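A.B. asks: Just so you know, we're using my numbering here: the sequence shown kicks off at 1 and counts up by one. Glycine is no exception: its CB is placed at the ideal position from the N, C-alpha and C atoms. Predicted model, so just to flag it, every value in this text is computed and none were measured. Dropping a structure here in structure tokens format, bear with me for questions.
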Amino acid sequence: MTTDAPEQAAPEAGAPSFRIATGRERGYHRAAVDTFLAAARESFESDSGELSAEDVRIASFPLVKGGYAIGDVDAALGRIEDAFAARRREEAIRDGRAEEWVQHARSEAQIILDHLARPRRQRFARAGFLSFGYRVDEVDHVANRIVRFLRDGDALSVEQLRSAAFRMQRHGYREEQVDALLDAAIEVMLAVR
């Protein structure tokens with residue numbers, strides 16, 4: 001008698017990969033998500049290097065009615081990004097480049113710390129006076145958490161940074177600068193996991 005766990009049934013043909021957004025809620029375009037995930041799977045399984053953890057992190061999809069639930073897709077993308085990053089870290093260790101890998105992560109962490117050492121409310125460029133950007137106080141709060149993580153080892157998870165969302169305000173921080181720093185922080189965190 002075997003004690004193997006029962007096999008999970010494969011999804012029916014045409015069954016959606018994720019929950020579907022309902023009502024007035026919009027979701028990610030289903031075909032775009034499915035195409036990207038198929039490419040990510042192929043790249044990971046063949047280890048072709050066509051996609052990287054960064055490619056997964058910056059993937060974006062059109063929002064449509066009847067699309068996949070955003071939270072479900074984002075969670076799956078987070079797991080895929082983790083897998084790509086873990087593979088690259090393991091390759092560096094296996095190839096005897098562990099010291100180089102660690103040094104690169106330290107260097108990137110120092111660049112982030114240097115940037116965030118700027119005075120509060122002046123850490124990023126601002127949107128124009130009549131334009132909207134991220135709320136300064138909210139971004140500064142997350143920035144302080146990143147500093148405490150990198151400098152003092154305080155608790156902060158990749159998932160917390162991935163899910164960071166900021167309200168908008170006139171003359172707020174420029175979105176692209178904040179997003180780039182969050183991406184760099186996530187990359188450092190994945191490198192040292």
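To the nearest angstrom, how far is the alpha carbon of A105 from that of R118?
C.D. replies: In a straight line, the C-alpha of A105 is about 21 Å away from that of R118.
A.B. asks: Is E91 buried or exposed, if buried means 16 or more other CB atoms sit within 10 Å of its CB?
C.D. replies: exposed
A.B. asks: Only counting the same chain, and skipping five residues up and downstream in sequence, which positions put a Cβ closer than 6 Å to that of R121?
C.D. replies: V136
A.B. asks: Can you name, in chain order, every residue of its own chain whose Cβ lies under 6 Å from the Cβ of V188, other than the five neighbours on each side?
C.D. replies: A105, E108, A109
A.B. asks: Any idea what DSSP makes of L51, helix, strand or coil?
C.D. replies: In the structure shown, L51 falls within a coil segment according to DSSP collapsed to helix, strand and coil.
A.B. asks: Determine the direct distance from the alpha carbon of N144 to that of A184, and round the result to whole angstroms.
C.D. replies: In a straight line, the C-alpha of A184 is about 15 Å away from that of N144.
A.B. asks: Keeping to the same chain, check which residues put their C-beta closer than 8 Å to that of M168; ignore five residues upstream and five downstream.
C.D. replies: Taken in chain order, the residues that qualify are F132, G133, Y134, R135.
A.B. asks: A127: which of E81, A155, V178, L77 sits nearest, CA to CA?
C.D. replies: V178
A.B. asks: Taking 8 Å as the threshold, find out whether the segment 50-57 comes into contact with the segment 24-33 through three or more Cβ pairs.
C.D. replies: no
A.B. asks: I'd like the span of the beta strand (DSSP E) that includes G133, first residue to last.
C.D. replies: 132-134 is the span of the beta strand (DSSP E), which, as asked, contains G133.
A.B. asks: Quick check on the burial criterion: 16 or more other C-beta atoms within 10 angstroms. Buried or exposed for G172?
C.D. replies: buried
A.B. asks: Along the chain, where does the beta strand (DSSP E) containing R19 start, and where does it finish?
C.D. replies: Looking at the DSSP string, R19 is not in any beta strand (DSSP E), and its letter there is neither H nor E.
A.B. asks: Could you check whether I80 and A40 sit closer than 8 Å to each other, using their CB atoms as the reference points?
C.D. replies: yes
A.B. asks: For the putative contact between F44 and F84, defined by C-beta atoms under 8 Å, what is the C-beta separation to the nearest angstrom?
C.D. replies: Correct: roughly 7 Å between the Cβ atoms.
A.B. asks: Taking the alpha-carbon of A75 as reference, which of R174, A98, E159, D140 has the nearest alpha-carbon?
C.D. replies: For the residues R174, A98, E159, D140, the minimum Cα distance to A75 belongs to E159.
A.B. asks: Under the rule that 16 or more other beta-carbon atoms within 10 Å means buried, what is L182, buried or exposed?
C.D. replies: So L182 counts as buried.
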